[in-house]
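Visitor: Handing you a structure now.
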Amino acid sequence: MEAERNLPERPAAASSPLAAERRKGTFWRGTLPFLLTCWKLNLAGAMEFRLSFLMTAGMMFLNNVIWLLFWGIFFDRFPDVAGWELKDVMLLWAVSAGGFGWASVLLGNFTRIAYLTANGELDVYMTQPKPLLLNVLASRMSLTAIGDFLFGAAIFAYVGDHSWKGLAFFLLALLMSGLFFLFFTLAAGSLAFFIGNAEGIAFQLFNSYLAFTTYPADIFKGLGRLLLFTILPAGFISYMPIGLLRGWDGSFMAAAAGMLLLLAALSLGLFYAGLRRYSSGNRMAMRS
Numbered sequence: 712m713e714a715e716r717n718l719p720e721r722p723a724a725a726s727s728p729l730a731a732e733r734r735k736g737t738f739w740r741g742t743l744p745f746l747l748t749c750w751k752l753n754l755a756g757a758m759e760f761r762l763s764f765l766m767t768a769g770m771m772f773l774n775n776v777i778w779l780l781f782w783g784i785f786f787d788r789f790p791d792v793a794g795w796e797l798k799d800v801m802l803l804w805a806v807s808a809g810g811f812g813w814a815s816v817l818l819g820n821f822t823r824i825a826y827l828t829a830n831g832e833l834d835v836y837m838t839q840p841k842p843l844l845l846n847v848l849a850s851r852m853s854l855t856a857i858g859d860f861l862f863g864a865a866i867f868a869y870v871g872d873h874s875w876k877g878l879a880f881f882l883l884a885l886l887m888s889g890l891f892f893l894f895f896t897l898a899a900g901s902l903a904f905f906i907g908n909a910e911g912i913a914f915q916l917f918n919s920y921l922a923f924t925t926y927p928a929d930i931f932k933g934l935g936r937l938l939l940f941t942i943l944p945a946g947f948i949s950y951m952p953i954g955l956l957r958g959w960d961g962s963f964m965a966a967a968a969g970m971l972l973l974l975a976a977l978s979l980g981l982f983y984a985g986l987r988r989y990s991s992g993n994r995m996a997m998r999s
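Just so we're aligned, residue 712 is where the sequence shown starts under the working numbering, counting upward by one.
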C-alpha cells in the first residue's frame, strides 16, 4: 500500500499536448469520414431503385414549378406587392426550397426526431461510438428533397445574379436557410422528450414554418410580422431575397445570424436535456 502511495501521479489526459492534438484531429480523421460514408450509402440506397428516385425527385421539382406558375399569374395582374417583384419571389422559393433541400439530403432525419424519440428508436444510435445527434441526423436521406435542391439551383441559374458576389450571397442564403430549418425542426421534435408523443405537434410546427418561408415577409404587418421574426422565425428566410440577394442589409444579416445562433443553442439544449429523460424502447431496430 505504501509503495502505491509513492507512485507518481499520472497526468490528466486533458493536459497532454498529444491528447489535445488528437481532439483537434478527431473531426477530420473520424467524424468527417463517417459522414461521407453515411452520405455515400444513403445515395447508393436511393439509386438502387433509380426510376423511383427520379420520379420522386422530379415530382417535387414539378410541384415547386407549379407554385411559381401561380405566383406568375398573380404578378401578371399585380406587378408590385409591398416592393416585391416576381423575380424576388422566385428567389425566395429558391432559397427556401434549396435550403430545405440540402439539409434534408445530408441530415434528413431532422424531421423525424419526435417519431424516433416517442417510439424508442434512439437506442440503436446510442450504442454506436459516434456523436449521437450527428449519427441520428445523417443516417437518412430524403429523396424528395433532392428535387427541392435542384429546383433552387435551377431558379438561381434562371433569374439570379451570376457574378461571383451573387453566387456567394446565394450560397450563404442556402446555408442559413437550411440551418434555420434544421434547428427549428430539431427544437420542435425534441419536445417529445418532455411531453411524450409530440409527433403531431412537431409536424404542425414544421408545416407552419415551411409555409411562412414561401411568402414575402413584407406582406405581414404588426403582430404577424413580430411573430415571424421571433417565435416562428420564418421571416429570416423569407426576407433574404431583399436583405441579402437584392442588396446587403447589415442589420438584417446581423439579426439573422444572432437568431440562428440562439435557435441552435435552444435546439441543442432541448435535445441533450431531453436525452437525460429518454427511456429505452427495448427494441431491436435498424438505422432509419
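Every residue gets a Cβ at the ideal spot worked out from N, C-alpha and C, and that includes glycine. Model, not experiment: these values are computed from the prediction.
Mind reading off the beta-carbon distance from Leu916 to Ala899? Whole number of angstroms is fine, and I expect it under 8 Å.
Guide: Indeed they touch by this definition, with Cβ atoms about 4 Å apart.
Visitor: What do you reckon, are the CB atoms on Leu939 and Gly871 nearer than 8 Å?
Guide: No, the pair does not count as a contact, with Cβ atoms beyond the cut-off.
Visitor: Going residue by residue through the segment 944–979, where are the continuous alpha helix (DSSP H) segments of at least 4 residues, counting only ones entirely within it?
Guide: For the segment 944–979, whole alpha helix (DSSP H) runs of length 4 or above, ordered along the chain, are 946–949.
Visitor: Does the distance from the C-beta atom of Ala856 to that of Phe894 stay below 8 Å?
Guide: Cβ distance not < 8 Å, so Ala856 and Phe894 don't count as in contact.
Visitor: Considering only the beta carbon of each residue, do Tyr989 and Thr828 sit closer than 8 Å?
Guide: In this structure, Thr828 lies closer than 8 Å to Tyr989 by Cβ.
Visitor: For Thr924, which of Val847, Leu845, Arg936, Gly946 has the nearest alpha-carbon?
Guide: The shortest C-alpha separation from Thr924 is found at Gly946.
Visitor: Where DSSP assigns a beta bridge to Trp795, which residues make up the other side?
Guide: Answer by DSSP bridge pairing, in chain order: Val792.
Visitor: If I measure Cβ to Cβ from Ser949 and keep anything under 8 Å in the same chain, skipping five residues before and after, which residues do I get?
Guide: The residues are Leu803, Ser807, Phe923, Thr924, Thr925, Tyr926, Pro927, Ala928, Leu939.
Visitor: Taking only the alpha-carbon atoms, compute the straight-line gap between Ile906 and Phe786 and give it to the nearest angstrom.
Guide: In a straight line, the C-alpha of Ile906 is about 44 Å away from that of Phe786.
Visitor: Does the segment 864–881 come close enough to the segment 956–967 to have 3 or more Cβ pairs within less than 8 Å?
Guide: The segment 864–881, when compared against the segment 956–967, does touch it at the 8 Å Cβ threshold.
Visitor: Relative to the alpha-carbon of Leu979, which residue among Met770, Pro842, Ser763, Gly809 has its alpha-carbon at the smallest distance?
Guide: Of the listed residues, the one whose Cα sits closest to Leu979 is Pro842.
Visitor: Helix, strand or coil for Asp834? Go by DSSP, reduced to three states.
Guide: Note: Asp834 maps to helix in three-state DSSP.
Visitor: Using the rule of at least 16 other Cβ atoms within 10 Å of the residue's Cβ for burial, across every protein chain shown, is Leu743 buried or exposed?
Guide: Classification for Leu743: exposed.
Visitor: Just reading off the alpha helix (DSSP H) that Glu910 is part of, what are its end residues?
Guide: From DSSP, the alpha helix (DSSP H) with Glu910 extends over 910–923.
Visitor: Nearest-angstrom Cα distance between Phe821 and Pro790?
Guide: Straight-line Cα distance between these residues: approximately 38 Å.
Visitor: Quick check: Gly954 and Phe963, are their CB atoms within less than 8 Å of each other?
Guide: Yes, the pair counts as a contact, with Cβ atoms nearer than the cut-off.
Visitor: Are the CB atoms of Leu897 and Ala849 within a distance shorter than 8 Å?
Guide: Cβ atoms of Ala849 and Leu897: not closer than 8 Å.
Visitor: Return yes when the Cβ of Ala814 is within less than 8 Å of the Cβ of Phe892, no when it is not.
Guide: In this structure, Ala814 lies closer than 8 Å to Phe892 by Cβ.
Visitor: Please check the pair Ala770 and Asp859, which I expect to be a contact at CB under 8 Å, by giving their CB distance rounded to whole angstroms.
Guide: The sequence as given places Met at residue 770; Ala does not occur at that position. Not confirmed; about 11 Å, so no contact.
Visitor: Buried or exposed, going by whether 16 or more other CB atoms sit within 10 Å of the CB of Ser874?
Guide: So Ser874 ends up on the exposed side.
Visitor: Please classify Leu818: does DSSP put it in a helix, a strand, or coil?
Guide: It is coil, neither helix nor strand.
Visitor: In terms of residue numbering, what span does the alpha helix (DSSP H) encompassing Ala879 cover?
Guide: First-last of the alpha helix (DSSP H) with Ala879: 875–900.
Visitor: Can you name the start and end residues of the alpha helix (DSSP H) that Lys751 belongs to?
Guide: First-last of the alpha helix (DSSP H) with Lys751: 743–758.
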